[in-house]
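Just so you know, we're using the numbering used here here: the sequence shown kicks off at 58 and counts up by one.
The C-beta atom is built at its ideal place from N, Cα and C for all residues, glycine as well.
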Amino acid sequence: MEENKLKLTSSEIGTLWGEYVNGTMTDVVNRYMVSIIEDESIKAIFEDAIKTFGKQKEQIVTFMENEGFPVPIGFTESDLFKGKPRLFTDIFCLNYLHIMTLHGLLGHSTAFAVSVRKDLRDFYDSCDNDAKKMYHQTIELLLEKGNFQRDPLFYPAKNPEFITSQDFTDGFFGKGRRLTATEIISISFNLKKSIMAKTLSIAFSQVTQIKEVRKFLEDSEKTSDGQIQALAKIMHKDNLPVPKSWETEVTTSTDSPFSDKLMLYHIGFLFQAAQAYHGTGLASAMRTDLVTTFESTILQNLMVTKKWFDLMVQNKWLEQPPLAPNRKEIAKEV
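Okay, here's the thing in structure tokens:
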């Protein structure tokens, strides 16, 4: 059998479905941002991102239609309210694109890893290359504009060393050793993601028209802020800097450019995606205070996600992914 004629597996259909829904969400936000951005160099990157996803979207639709699966609704022009006032500064828009590109890199890599068919592997390989190109572009422009905060610098030791005491894991009561470079990878990543979630929660809570959605967004802002403070406290103990916040990059506009469905989904997406980074942080942590912080964060995010799910279902905004066949129901029909 030719490899490209193999039926797509459940995992392959699942990744296509997720890529479409999450991609259309980000695309709507990008389309709004490109309409308000004044800096031509930043606008050019957004225009490139919109064109790139347009090609990817067409390919995803082709894959799903060829397999007889319905294409998700995702997010469309109906979720974008054109002509609304500026909600974000140009610099926030660029930082947003950078962070969402990081999410895209993780998503494409996961999708590639579960793909068997060559045409699908080639597709995700191409998506990964597009995301890498966008990562380079956003990093270089942020550095050029002096708005990218690099992770803390370490000074080299004279020689390699081995762990000699079980106290290496003690992070409480000031007895703990200094943070390792491997631990700071996850701390920095999680700080940046939480800062993004907090900033978007603030912006969306200003413009949403539904009371329950506003309450959820205000709660998600508090949750993100608590997680930022917990990780920042650990960094500060070692006199290490933390990434700057972006709250001041949100304007005072109260006129929403997005549907409530999109705003609520976006925050839920960020909290769900963050769980992978928190899990990685927990797995790499070798200090008890870091372990408990990441465990607490994961539990908090599960609670936020449960509230998010209930609210999305209540408003009939949550699309159902393809399901495994119900063999009991099929048997009853025979």
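In this structure, DSSP gives F145 an extended state, which the three-state scheme calls strand.
Taking a C-beta distance under 8 Å as the contact criterion, N79 and I148 do not qualify as a contact pair. Across the set N152, I252, L257 and K279, the C-alpha of I252 shows the shortest separation from the C-alpha of V299. When DSSP reads this structure, F315 sits in a beta bridge with L137. With respect to the 8 Å criterion, K301 and S281 are not classified as neighbours on the basis of their beta carbons. If you check the CB distance, F169 and D182 come in under 8 Å. In the same chain as F273, and ignoring 5 residues on each side of it, the C-beta atoms closer than 8 Å to its own belong to L321, I324, K364, W365 and L368, in chain order. Assignment of V173 by DSSP, reduced to helix, strand and coil, places it in the coil class. For N152, the closest C-alpha among the options T311, W303 and L73 is that of W303.
Here H293 is exposed: its Cβ has fewer than 16 other Cβ atoms, across all protein chains shown, within 10 Å. Going by beta carbons, I70 and F126 fall inside the 8 Å limit.
One Cα belongs to N296, the other to G161, and the distance between them is close to 32 Å. Proximity of the stretch 190 to 210 to the stretch 86 to 102 meets the contact definition, three or more beta-carbon pairs being nearer than 8 Å. Y192 and H155 have their C-alpha atoms spaced approximately 6 Å apart.
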